[in-house]
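There are 2 protein chains.
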Amino acid sequence: MLADMSLRIALLGLLSGAGPASGYDLAKKFEHSLNHVWQAGHTQIYPELVKMAADGLVAVESEGARGRKIYTITPEGTHELRTWLTEHQPSVTVRSEVALQAFLLPLLDRKQAIAVMERIRAGFEARLAVLECQPGHGQALGRYALELGLRQARTSIEWADETLTDLRRA
Amino acid sequence: MLADMSLRIALLGLLSGAGPASGYDLAKKFEHSLNHVWQAGHTQIYPELVKMAADGLVAVESEGARGRKIYTITPEGTHELRTWLTEHQPSVTVRSEVALQAFLLPLLDRKQAIAVMERIRAGFEARLAVLECQPGHGQALGRYALELGLRQARTSIEWADETLTDLRRA
DNA sequence: GACGTCATGTAATCAGTTACATGATTGA
DNA sequence: TCAATCATGTAACTGATTACATGACGTC
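These protein sequence lines are chains W and C, in that order.
Here the first sequence is numbered in my numbering, starting from 2 and rising by one per residue.
Here the second sequence is numbered in my numbering, starting from 2 and rising by one per residue.
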């Protein structure tokens, strides 16, 4: 078993939850429903599907028009997915440019710090707007993650507002 | 200018905010104060400092005992840092294993889903405990980011609790 | 002298992004 | 016929992790 399985798991999860799909379809789903959870472009997805097929986790169900290849999850793939979900302790490596800017904010003078915080706030606001427009509130896959994203966005906006108040008062 | 400056910026920020330091010192600071914002080990930091010195952003101030090299930020380094802070629009690429598990949770049956959520909750609780023990509440650098981290951890725990209630009711 | 911490580095590998490349189909 | 979208891929590069390697200094 590989060390970092996240991309495979995300792909297996989509195939399991939303049925057979092509690499192209999966890339679209990454762009839309998965974007606040994990990211991957088609250049990463296509080769990964080939490797996963070689490992027996997925199989090409059929080849449609325009060379479209429909992948299905195999029983081994389903097993791998379940094992990861129930047994893998998720790592908590954070790498956030926003948090980094917040971390370094005290290096700036008051006026500049306020301007940076306002931009950060606007970013969170935009993110919240995107999540609110997202379907999947009632949808099976992704509804819990969406709720978490919404709450974190709202919390972040509150934090930005209070930080701005603090900066303006000082 | 490079595309991804985050590691450089983090190093410049630490040198600017906490004064001259060795690669070893900087690696320690990454482990302690920066860990909830950005991650980097010494194997990434040492070569990066060499490149940054070549680019004139930092300079070796002195060489101490045991081959210890003390780096200082240069005026060009300070300029690069300020420019990034005030002008760079932070990217919002999220890659969270926890959120991925939450996303895929509906694939599991009720009992398993509850067990996974309990583990996720425990993870957030542990994270909160670490952040609460962290100094830097009053400290210059990192206090805003710490406050954001604390709020997000608390929000995540609330989300986990309500999700658990929801799962148990169903 | 042995152990732990301080202190620096390289090499191999893996994950992820950007740029490049090709061709089919659909609709204006 | 032209443009947009569908659909797949490769190659080069950058960022990050893991494993390996070395040696100095302090203290028990």
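Glycine included, each C-beta is placed from N, C-alpha and C at the ideal position.
Check the Cβ of P107 of chain C against every Cβ in chain W and list those closer than 9 Å, keeping chain order. Within chain W, the residues placing a beta-carbon under 9 Å from that of P107 of chain C are G18, Q140, A141, L142, G143, R144 and Y145, ordered along the chain.
Taking only beta-carbon atoms, is H43 of chain C less than 8 Å away from chain W? Closer than 8 Å: no.
Please classify P76 of chain W as buried or exposed, where buried requires at least 16 neighbouring CB atoms within 10 angstroms. Under a 10 Å Cβ-count criterion, P76 of chain W is classified as exposed, with fewer than 16 other Cβ atoms of the shown protein chains found around its own Cβ.
Identified DSSP bridge partners for K70 of chain C: In the DSSP assignment, the residues bridged to K70 of chain C are C:E64.
Identify, in the order they occur along the chain, each residue of the same chain with its Cβ nearer than 8 Å to the Cβ of L3 of chain C, setting aside the five sequence neighbours on each side. Excluding residues within five positions, the ones whose Cβ falls inside 8 Å are R9.
Can you list the residues of chain C that T84 of chain W reaches, using a CB-CB cut of under 9 Å? Simply none; closest approach about 11 Å.
Rounded straight-line distance, which links the Cα of Y47 of chain W to that of H177 of chain C: Outside the displayed span of chain C (2 to 171) sits residue 177 of chain C, for which this structure offers no information.
S17 of chain C: first and last residue of the uninterrupted alpha helix (DSSP H) it sits in: For S17 of chain C, the enclosing alpha helix (DSSP H) stretches over residues S7 to A19.
Contact set for H37 of chain C: own chain, Cβ-Cβ below 6 Å, skip 5 residues either direction: Once the five neighbours on either side are set aside, the close Cβ partners of H37 of chain C are G150.
Taking the CB atoms as reference points, tell me whether G124 of chain W and V95 of chain C lie closer together than 8 Å. Their beta carbons are not under 8 Å apart, which means G124 of chain W does not touch V95 of chain C by this criterion.
CB contact below 8 Å: R170 of chain C versus chain W: No - not a single Cβ of chain W is within 8 Å of the one on R170 of chain C.
Under 7 Å Cβ-Cβ, which residues of chain C neighbour R96 of chain W? By Cβ distance, chain C contributes W39 and Q40.
Of the residues C:A28, C:F104, C:E49 and C:G24, which one's Cα is nearest the Cα of Q40 of chain C? Out of C:A28, C:F104, C:E49 and C:G24, C:A28 has the C-alpha closest to the C-alpha of Q40 of chain C.
Can you tell me whether P107 of chain C sits near the ligand SAH, meaning its C-beta is under 7 Å from at least one heavy atom of the ligand? Of the ligands one can find in the structure shown there are none, so the ligand SAH has no counterpart to examine.
Please check if any C-beta of chain C sits within less than 8 Å of the C-beta of E104 of chain W. Glu is not the amino acid found at residue 104 of chain W; the sequence shown has Phe there. Yes, because at least one Cβ of chain C sits closer than 8 Å to the Cβ of F104 of chain W.
Taking L58 of chain W as the reference, give the member of W:R111, W:A116, W:M6 and W:A154 with the closest Cα. From the listed residues W:R111, W:A116, W:M6 and W:A154, the smallest Cα separation to L58 of chain W is found for W:M6.
CB contact flag (L147 of chain W, Q102 of chain C, <8 Å): Not in contact: L147 of chain W and Q102 of chain C (Cβ atoms no closer than 8 Å).
For W160 of chain W, the first and last residue of its enclosing alpha helix (DSSP H): Residues R144 to R170.
Contact belief for Y72 of chain W with L50 of chain W at Cβ below 8 Å, rounded distance in angstroms: For Y72 of chain W against L50 of chain W, the beta-carbon gap comes to about 6 Å, under 8 Å, which counts as contact.
Based on DSSP bridge pairs, tell me the residues matched to A22 of chain C. Assignment of beta-bridge partners to A22 of chain C by DSSP yields C:Y72.
Would you call G78 of chain C buried or exposed, if buried means 16 or more other Cβ atoms sit within 10 Å of its Cβ? Answer is buried; the Cβ neighbour count reaches 16.
Stretch pair the segment 129 to 138 of chain W + the segment 107 to 115 of chain C: three plus CB contacts closer than 8 Å: The segment 129 to 138 of chain W vs the segment 107 to 115 of chain C: no contact.
Run down chain C in chain order and give the residues with a C-beta less than 9 Å from the C-beta of L50 of chain W. Chain-order list of chain C residues neighbouring L50 of chain W: empty, with the shortest C-beta distance near 18 Å, by a criterion of under 9 Å.
Chain-ordered chain C contacts of G78 of chain W [CB-CB under 7 Å]: Result: empty, since nearest Cβ-Cβ is about 12 Å, beyond 7 Å.
Would M118 of chain W and A154 of chain W be called neighbours here (beta carbons separated by less than 8 Å)? Using a Cβ distance threshold of 8 Å, M118 of chain W and A154 of chain W do not count as a contacting pair.
Any residues in the segment 5 to 32 of chain W with a beta carbon nearer than 7 Å to a beta carbon of chain C? Which ones, in chain order? The segment 5 to 32 of chain W vs chain C, Cβ under 7 Å: S7, I10, A11, G14, S17 and G18.
Can you tell which of C:I74, C:T44, C:R67 and C:G42 has its C-alpha closest to the C-alpha of A55 of chain C? The residue among C:I74, C:T44, C:R67 and C:G42 with its C-alpha nearest the C-alpha of A55 of chain C is C:I74.
Go ahead and label P91 of chain W buried or exposed: buried means 16 or more other beta carbons lie within 10 angstroms of its beta carbon, across all protein chains shown. Counting Cβ neighbours within 10 Å, P91 of chain W comes out buried, since at least 16 surround it.
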